[in-house]
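Here the structure is laid out as structure tokens; the discussion comes afterwards.
Residue numbers (this note's numbering): -13 to 309.
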């Protein structure tokens, strides 16, 4: 009987310790949430231009971690909620990319594209619509958005060509690309050439004689095309901004890296099916059940598709007609 009493006493003490530990963990969790400054907490919500609680908490935790490690000195950090609509209709873009500067109590929400995905006809379809993203993933050549933790890297500016801006007046398109370095499932961001840039491209390219141009080739020709702004469209998996926003974003991180957290991760996508994770309500209603395509599953399929459907040989860029 005495041995039984001692055993019961030990069990009781262990139970008490477990309860205390659980309460302590709960208190710490609550403290972490309440640590968000009141001015910033005021921007939390489900409306356009507001940020979801889980997105803010993860973005803030990533930033504070990198600051603590000495990897980041930038006073601002970024976040993106890829579950929200990118196209609100009637030419209005959804504001789902966030620029947070706590030192100056600044919060800004801007538009950003999501990965278009691809439709490998006859094999697999993981394409996304303009408004909402259903498919996510980290496979090479998938053109999908991969959620997770990122750091901004080096800036690279490339000459894309000339385009017409007025009567007999041309302009140069120089597009700067900010490389991202990811962690975890997003660790192959550099290999996938994932980063941030302006949502601008030149289409319908031809070559125009301009020997005085510093960008002319050895024959005196420069590429010329039509400027297309796709800020309301989709990207190849990168974070694409409007040209005006891109200038500001690039200026903020050039030679001064910071963090970017993109929601959702694969764990969040898996939890949605069990009604256990946050997702934008309007997009969830539209897409049904979202899906994450891991690279080990998708990359072999893309590679086989390329093998079965080889790209045609590149054609020379034609000479421009007219003035």
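Just so you know, even glycine gets a beta-carbon here, dropped at the ideal spot from N, CA and C.
Rounded to the nearest angstrom, how far is the Cβ of residue 185 from that of residue 227, given a contact under 8 angstroms?
-> 6 angstroms
On the three-pair Cβ rule with 8 angstroms, is the region 232 to 245 touching the region 30 to 43? no
Counting along the chain, where does the alpha helix (DSSP H) carrying residue 267 start and finish? 267 to 273
*Tell me whether the beta-carbon of residue 131 lies closer than 8 angstroms to the beta-carbon of residue 223.*
yes
On a Cα-Cα basis, can you pick out the residue from 197, 256, 101, 189 that is closest to residue 304? 189
Checklist entry - In or out: residue 265 buried (at least 16 other Cβ within 10 Å) or exposed? => result buried
- Item | Sheet register partners of residue 155 (DSSP bridge) | Residue 155 pairs with 152.
Is there contact between the region 144 to 161 and the region 250 to 268, where contact requires at least three CB pairs shorter than 8 angstroms?
no
Where do the N-terminal and C-terminal ends of the beta strand (DSSP E) with residue 184 fall, by residue?
181 to 184
Exercise. Ordered along the chain, which non-local residues of its own chain (more than five positions away) have a Cβ less than 6 angstroms from that of residue 197?
Worked result: 206
Opposing strand residues paired with residue 209 [DSSP bridges]:
193
Just tell me which of 195, 215, 220 has its CA closest to the CA of residue 208. If we check each option's Cα against that of residue 208, 195 comes out closest.
* **Cβ neighbour criterion (16 or more within 10 Å) applied to residue 68** => buried
Going by DSSP, which residues form a beta bridge with residue 94? Among the bridge pairs identified by DSSP, residue 94 is matched with 85.
Residues that DSSP places opposite residue 30 in a beta bridge: 37
Assuming contact is defined by CB atoms lying nearer than 8 angstroms, are residue 90 and residue 23 in contact in what I supplied? no
Legend entry - Simplified DSSP state of residue 144, which is helix, strand or coil: strand
Pick helix, strand or coil for residue 49, following the three-state DSSP scheme. helix
Next on the checklist: By alpha-carbon positions, which one of 26, 294, 299, 298 ends up nearest to residue 106?
Outcome noted: 294
Alpha helix (DSSP H) containing residue 315: first to last residue? Lying before the first or after the last residue shown, residue 315 is absent from the chain, which here runs from -13 to 309.
Point to revise | Pair within 8 angstroms by beta-carbon distance, residue 258 and residue 283 | key: With respect to the 8 angstroms criterion, residue 258 and residue 283 are not classified as neighbours on the basis of their beta carbons.
#### Entry: The alpha helix (DSSP H) enclosing residue 231, as first and last residue numbers
229 to 239
message: DSSP three-state label for residue 65, please.
response: It is a strand residue.
With 16 other Cβ atoms within 10 Å as the buried cut-off, status of residue 28
exposed
Can you give me the C-alpha to C-alpha distance between residue 134 and residue 108, rounded to a whole angstrom? 31 angstroms
Just the C-alpha distance for residue 234 and residue 122, rounded to the nearest angstrom, thanks.
27 angstroms
> Using a Cβ-Cβ cut-off of 6 angstroms (strictly less than) and excluding sequence neighbours within five positions of residue 327, which residues of its own chain qualify?
Replying inline: The structure shown does not extend to residue 327, since the chain is modelled only from -13 through 309, so no value can be given for it.
Check: Does the beta-carbon of residue 19 have 16 or more other beta-carbons within 10 angstroms, so that it is buried, or is it exposed?
Finding: At residue 19, the pLDDT of 49 sits below 50, so the modelled position is not reliable and the matter cannot be decided from this model.
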